[in-house]
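Going by the working numbering, the first residue of the sequence shown is number 376, and it counts up by one from there.
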Amino acid sequence: MTKKWVAFASFLLLSGTAAVAGSWADNFKILDTDGNGTISRTEYEANVSKLKLDPAPTFTAIDTDVNNSIDPQEWAAAEKMAKAFPEACKSSTESWCPKKY
């Protein structure tokens, strides 16, 4: 890998969507404290505050197959949901956002 490529990759990580995409993968690893490839409810609740997500999805919202663990596919779906969450909904004091959020 050339120095120019390394510098460009570093720029992407520090400046935009690449950093956001990488952070969700990193967050999965942070939450999966036992390293078994899934996030248990206990792991999620003990560590979700470390992620500083605003808003942080609830465990129940992410665990769509209701098996009491979050797998990488469910985590990817949660990432899409969080990225789609409108900024106006984040700052709203009313319950007016569409139910899909």
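Even for Gly, the Cβ is constructed at its ideal location relative to N, Cα and C. No experiment lies behind these values; they were computed from the predicted model shown.
Item	Value
Alpha-carbon spacing of D429 relative to E454, whole angstroms	12 Å
Span of the alpha helix (DSSP H) around K455	P447 to A459
P432 classed as buried or exposed, judged by whether at least 16 other C-beta atoms fall within 10 angstroms	buried
Buried or exposed by the 16-neighbour rule on C-beta atoms within 10 Å, applied to A459	exposed
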